[in-house]
Amino acid sequence: MARPPDKPAPLAGVGPHATVTNVTNLADPSASVPTRPVRLAPKSGRAEMRSDGAIVLTSTAPLAPYPQSWNAKIEQWAQEAPSRVFLTESDGAGGRRTITYAETLAAVESIGEGLLNLGLNAETPLAVLAENSIECALITLAAMWVGVPASPVSPPYALKATDFTKLSGVFAALQPGAIYVADGARYGAAIQAAAPVDAVIISGRAPIPGRETIALTDLRNSTPSARTAKANAAVTGDTIAKILFTSGSSGAPKPVILPHGMLAVNRQQCAQAYAFLNDGPPVMVDWLPWHHTFGGNNNLGQILWCGGELHIDDGGPTPAGIGRTVELLRAHPPTFYINTPGAFEALLPYLRNDKHFAQRFFSRLQLLQYGGALLAQHVWRAIDEIAVATTGERILMVSGLGSTECGPTPVQSTWEQHRKPEAGLPLAGVEAKLVPVETTWELRLRGPCVTPGYWRRPDLTAAAFDDEGFFKTGDAVLPLDPEDFSQGLLFDGRISENFKLSSGTWVQAVALRTRLLAALAPLVNDAVITGHNQGQVGAIAFPDMNVARKIASAHTDLTDEEVLAAPALRDWVQTRVSTLAGSAVGASERIARLALETEAPSFDNGELTDKGAAASRIVLSRRIDVVTALHAVTPPAAIFIA
């Protein structure tokens, strides 16, 4: 890999903001169509080559002054736009409940008073166990308002698990002074099994049998006193706003400390990068859960920061939920749509087959962003094609790289990506150190949007940072231009997921997984790459059984195993696996064996993370028999051999 020049020149400025109307040069016709103009910050990177072999990337853009807490934004918008809608949600009868910024401030002050009356403080966090809702937002923001750390906890730990091991672990690590549940009836069993006996229980709806429960309405009826004002005034940038547990995609969930200043600066950094967000109140429709940093910090936080309007989506990219998502998007066309690759793919049939919906969806859309995983090429191309057919323009699609520990958005692109998995460049105020590791670079980050560590876990904190104070993300990146790293970075997977074959050759697991999913689309939803210390690369793939039945032309009475054994399906898969292998250069890029599994990853078996992705290490551990079969000298007949 070529090294950058000793003193690469920083990029020339092109004014405070750039209007992006770039054109790609890909082979398909839609790729040559310009994107809709959108006001974004220009590419601004500087690369420094160090004598130790590391490269440090920074932004040439200055970080503008900003308030040190989301609290200031609640107050600002309540004063400047009191009647503007902040959040809406389904009322369960076909309508929408709404809350304005003025109503939000009043509720936050009252609930904050109630939390203080319960004795909560900076050392006794509030755990929040609830799906996205107006009440969930209010009690979370109320805790932050009075300096009580709020800790949104994953509802699946309570609702989708048959035991409560993860939930018990979260509560043991957190030691909450109080726990809010959306519904005592639904969450009661989990609270009875896992909640600390001394934690106060607050319920949005219905008490928990056998456990003293305080109604959220009682807290909301509290009258704010001078104590509430004093507690709010004492909040600084260093005060802990949230304790957010990582998704567990690369290990056990870890309690990340998120100070007020960290959450605030990252919203300012993104508002500078996405300059159009400051031109008028952004409108977002979103299902992403607030117990995860993507939905709760990035999306909800950005709407609050910019005084926008968020329509809480109770649907989502599932067969049962996607219809509700479509109708909400139809009713409230977004100006900015940010989501997971799976959600974009779930929208495609509706965008293709419903012209009116496509017209509404794209009508005022300024930017698309994906995150959480890589966007498959066929999905990206389809979105471009539909946008062009509907509007005559493409909508710019961007991505970034982040984590719970980093704001979550320290690295972002604001330019045409040409359908590449670009991570972008550091945002204003962020330093990115790239450390060479075998055939790739490990990304390490330092700056005001990076966590100071983990809640009451000095061991985890010490291990997370290098001797210069850079957070070790574990993400692997590559330069867009090996001669000039200031042009941006490409995502290259996770360092921990890469491995060596028995030949000593490194395998870039995420890159291989991406190519496999593209080759087997739309059949395969997720996959895990295998082959550590083996002679060839293998893969465990998880098919969408509805798609599998269509490919196999299977009768409804066939079992899943019989569907996967159907000649039509096996021929379909074999052709694509062989074609993919034929395009590989070397054993490390060639998936030689493939297993299709009928048992999908789940929360119960620990194989599914909060983001809905397979946790590779746990999959490989639980399915060691499949791994053994994949790499046997004579594999079973069910294994596909390229």
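Those letters in the sequence shown? Residues 1 to 642, per full-length UniProt numbering, in order. Note that the Cβ used here is the ideal one computed from N, Cα and C, for glycine as well. Since we're looking at a predicted model, the values are computed, not measured.
A check of alpha carbon separations from ALA519 across SER578, ALA552 and GLY538 identifies SER578 as the nearest. In the structure shown, ILE303 adopts helical secondary structure according to DSSP, grouped into three states. A residue is called buried once 16 or more other Cβ atoms fall within 10 Å of its Cβ, and ASP571, having fewer, is exposed. DSSP places GLY114 inside the alpha helix (DSSP H), whose first and last residues are 101-117. When secondary structure is reduced to three states using DSSP, GLU123 falls in the coil class, being assigned neither helix nor strand. By the Cβ-count criterion, ARG394 is buried, with 16 or more other Cβ atoms from all chains shown falling within 10 Å of its own Cβ. Spanning the alpha carbons of LEU396 and SER83 requires a straight line of approximately 32 Å. In this structure LYS73 does not touch TRP455 by the C-beta definition: roughly 25 Å separates them, more than the 8 Å allowed. Ranked by Cα distance from GLU438, the options LYS500, LEU138, ARG444 and VAL411 are led by LYS500. LEU40 and ALA61 have their alpha carbons spaced roughly 13 Å apart. Within the DSSP bridge table, the entry for THR58 names ARG46 and GLU431 as partners. Put simply, the stretch 525-540 touches the stretch 613-623. At least three CB pairs are less than 8 Å apart. Considering only PRO34, ARG227 and PRO408, the residue with the shortest C-alpha distance to ASN121 is ARG227.
Boundaries around PHE361 are those of the alpha helix (DSSP H), 355-362, since no beta strand (DSSP E) includes it. If you look at ARG324, you'll find it in the alpha helix (DSSP H) that goes 322-331.
Look at PRO34 here: in three-state DSSP terms it is coil, with no helix or strand label.
Positions of the alpha helix (DSSP H) runs, each at least 4 residues long and wholly inside the stretch 210-239, are given as 216-220 and 226-233 in order along the chain. The beta carbon of ALA587 lies closer than 8 Å to those of LEU501, SER503, THR505, GLY535, GLN536 and VAL537 in the same chain, with the five residues before and after it left out. The three-state reading of DSSP puts ALA595 in strand, counting E and B together.
Spanning the alpha carbons of ILE383 and GLU89 requires a straight line of approximately 27 Å. Residue burial annotation: GLN268 is buried, with at least 16 other C-beta atoms found within 10 angstroms of its C-beta. Within the same chain, Cβ atoms closer than 6 Å to the Cβ of ASP526 are found at PHE542 and ALA614, the five residues on either side in sequence being excluded. LEU558 and VAL547 have their C-alpha atoms some 14 Å from each other.
Relative to THR162, the option among TRP145, VAL170 and ALA189 whose CA is nearest is ALA189. Counting C-beta pairs with one atom in each stretch, the stretch 177-196 and the stretch 130-150 have three or more that are closer than 8 Å, which means they touch. The Cβ atoms of ALA130 and CYS136 lie closer than 8 Å to each other.
By the Cβ criterion, the stretch 219-234 is not in contact with the stretch 38-55, since fewer than three pairs of Cβ atoms, one from each stretch, lie closer than 8 Å.
The beta carbons of ILE111 and ILE139 sit closer together than 8 Å.
Per the DSSP secondary-structure output, ASP286 pairs in a beta bridge with ILE312.
Counting only residues of its own chain and dropping the five nearest sequence neighbours on each side, LYS355 has a CB closer than 8 Å to the CB of THR390. Counting along the chain, GLU561 sits inside no beta strand (DSSP E); it lies in the alpha helix (DSSP H) bounded by residues 560-564. Contact between ILE551 and LEU523 holds: CB atoms are separated by about 7 Å, below the 8 Å threshold.
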